[in-house]
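There are 2 protein chains.
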Amino acid sequence: MTIGELAKSSGVNAKLIRHYESIGVVPKPGRTDSGYRIYSKTDIQFLKFIKRARGLGFSMKEIKKLIGLWRNKSRASKDVKALALTHVKTLDAKILEMQEMADSLRLLARNCHGDARPDCPILSSLENNGEKND
Amino acid sequence: MTIGELAKSSGVNAKLIRHYESIGVVPKPGRTDSGYRIYSKTDIQFLKFIKRARGLGFSMKEIKKLIGLWRNKSRASKDVKALALTHVKTLDAKILEMQEMADSLRLLARNCHGDARPDCPILSSLENNGEKND
DNA sequence: CTTGACCTTCCAGCGGCTGGAACCTTTAAG
DNA sequence: CTTAAAGGTTCCAGCCGCTGGAAGGTCAAG
């Protein structure tokens, strides 16, 4: 299987597969005499695993750990769970932060005329946070 | 005012002030004979503006636009509002995406024993998304 | 006159890609 | 057999928003 074929079956494009190889998340495959990478079916699973983990927001560093656990048949499920829940915490923190941003902006925008006049609480707030403007 | 003093009063560190200058969000200040940057009080406001806008999650590109509007006394508040609401949409989309990630993970983690046994629905799901495992 | 705290520039790296240039190999058609 | 397209290869650069370090110049106090 060439890299292009692997890309199609895994849904991860060839460029990215090479990138993953370069950062050490994907093992170096064998090569043909002319230097082409050759892959097997198990590599499809491997890349799909990575893709799904990315889809859940795991960092490449976390994915390396996940792969380690995945391949370690004598792993403890509590280690996997811990990794996942740590990540959930990170996600929740980011979600909260962004919600606060969005809520602040919505509030400011609600009080903005939104017409041709220049006065705007959004700018006032950025200019002079929390303090009176007159 | 030197860059270090500006950094203290604005809460934006000196390194970052230079960076902002290099990407053109902060105007080039005057210099002393020996080449030191010299700032005035208005620059404090400027940097605080940027810092607050960053705190609301605006990109540097958006901040450039905001600064343009801020300095344009004949701006229309609807332009500011539009910029803000577009950004809110972006935030909401990211929030939703991350919530879905977190929810999926929570569900998987809930079904994970979290003990010394190796079986774990989190890994199964990454390995074989949605499909049966037996 | 030296020390140390500041300032200057430039270059590199983080993460997670993405794109391009310049080149080689394989495959199919004429 | 030749040729052209569609793959493959490497390496280098850029995106974003910083952050850090090296190597040097400047300034005030002791």
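Chains A and B are the protein sequences, given in the same order. Under my numbering, read the first sequence as residues 1 to 134, first letter to last. Under my numbering, read the second sequence as residues 1001 to 1134, first letter to last. Positions of the beta carbon are idealized from the N, C-alpha and C atoms, including for glycine.
For D103 (chain A) and K78 (chain A), I'd like the C-alpha separation in whole angstroms. Here residue 103 (chain A) corresponds to residue number 103 of the first sequence, with the count starting at 1. Here residue 78 (chain A) corresponds to residue number 78 of the first sequence, with the count starting at 1. C-alpha of D103 (chain A) to C-alpha of K78 (chain A): approximately 36 Å in a straight line.
Helix, strand or coil, according to DSSP, for R71 (chain A) in the structure here? Residue numbering aside, residue 71 (chain A) sits at position 71 when the first sequence is read from its first letter. Residue state, collapsed to three classes: helix.
Going by alpha carbons, who is nearest to G57 (chain A) out of A:S74, A:A116, A:Q99 and A:H87? Taking the first residue of the first sequence as 1, we reach residue 57 (chain A) at position 57. Cα-wise, what sits closest to G57 (chain A) is A:H87.
For D1043 (chain B), count neighbouring Cβ atoms within 10 angstroms of its own Cβ and tell me buried if that reaches 16, exposed if not. By one-based count along the second sequence, residue 1043 (chain B) stands at place 43. Burial call: buried.
Within 10 Å of its beta-carbon, does Y39 (chain A) have 16 or more other beta-carbons around it, so buried, or fewer, so exposed? Residue 39 (chain A) sits at position 39 when you count from the first residue of the first sequence. Buried: at least 16 other Cβ atoms inside 10 Å.
For R1117 (chain B), which of helix, strand or coil comes out of DSSP? Translated into the one-based positions of the second sequence, residue 1117 (chain B) becomes position 117. Reduced to three states, the DSSP call for R1117 (chain B) is coil.
From which residue to which residue does the alpha helix (DSSP H) around Y1036 (chain B) run? Position 36 of the second sequence holds residue 1036 (chain B). First-last for Y1036 (chain B): undefined, no H or E at that position.
Please check if any C-beta of chain A sits within less than 8 Å of the C-beta of L1006 (chain B). Numbered from 1 along the second sequence, position 6 holds the residue referred to as residue 1006 (chain B). Not an interface residue.
Thinking C-beta only, is L83 (chain A) closer than 8 Å to K65 (chain A)? Residue 65 (chain A) sits at position 65 when you count from the first residue of the first sequence. Residue 83 (chain A) sits at position 83 when you count from the first residue of the first sequence. Their beta carbons are under 8 Å apart, which means K65 (chain A) touches L83 (chain A) by this criterion.
Name the one or two DSSP bridge partners that L55 (chain A) has. As a position in the first sequence, residue 55 (chain A) is number 55, starting the count at 1. According to the sequence as given, residue 55 (chain A) is Gly; it is not Leu. Listed as beta-bridge partners of G55 (chain A) by DSSP are no residues whatsoever.
Work out the CA separation of K1041 (chain B) and Y20 (chain A) for me, nearest whole Å. Within the first sequence, residue 20 (chain A) is the residue found at index 20, counting from 1. Within the second sequence, residue 1041 (chain B) is the residue found at index 41, counting from 1. Going by C-alpha positions, Y20 (chain A) is about 49 Å away from K1041 (chain B).
Alpha carbon to alpha carbon, how far is A76 (chain A) from L96 (chain A)? Walking along the first sequence from the start, residue 76 (chain A) turns up at place 76. Walking along the first sequence from the start, residue 96 (chain A) turns up at place 96. Rounded to the nearest whole angstrom, the CA to CA distance from A76 (chain A) to L96 (chain A) is 31 Å.
What distance in whole Å lies between the Cβ atoms of R1052 (chain B) and L126 (chain A), which are believed to be in contact at a cut-off of 8 Å? As a position in the first sequence, residue 126 (chain A) is number 126, starting the count at 1. As a position in the second sequence, residue 1052 (chain B) is number 52, starting the count at 1. Going by Cβ atoms, the distance from L126 (chain A) to R1052 (chain B) rounds to 5 Å, so yes, they are a contact pair.
Taking C-beta pairs closer than 8 Å, name the residues in chain B that M101 (chain A) reaches, listed in chain order. Taking the first residue of the first sequence as 1, we reach residue 101 (chain A) at position 101. Within chain B, the residues near M101 (chain A) are G1055, L1056, G1057 and L1091.
Find out if the Cβ-Cβ distance for the pair I3 (chain A), V25 (chain A) is shorter than 8 Å. Your numbering for residue 3 (chain A) matches position 3 in the first sequence. Your numbering for residue 25 (chain A) matches position 25 in the first sequence. Not a contact, by the Cβ cut-off of 8 Å.
Near A7 (chain A), which residues of its chain fall below 7 Å by C-beta distance, leaving aside the five closest residues on each side in sequence? Taking the first sequence and counting its residues from 1, one reaches residue 7 (chain A) at position 7. Only N13, A14 and I17 meet the Cβ criterion.
The alpha helix (DSSP H) with I1017 (chain B) in it runs from where to where? If you number the second sequence from 1, residue 1017 (chain B) lands on position 17. Here the alpha helix (DSSP H) through I1017 (chain B) covers A1014 to S1022.
Beta-carbon neighbours of A116 (chain A), restricted to chain B and to distances below 8 Å: Walking along the first sequence from the start, residue 116 (chain A) turns up at place 116. Proximity of chain B to A116 (chain A) at the Cβ level (cut-off 8 Å) is accounted for by A1076, S1077 and K1078, in chain order.
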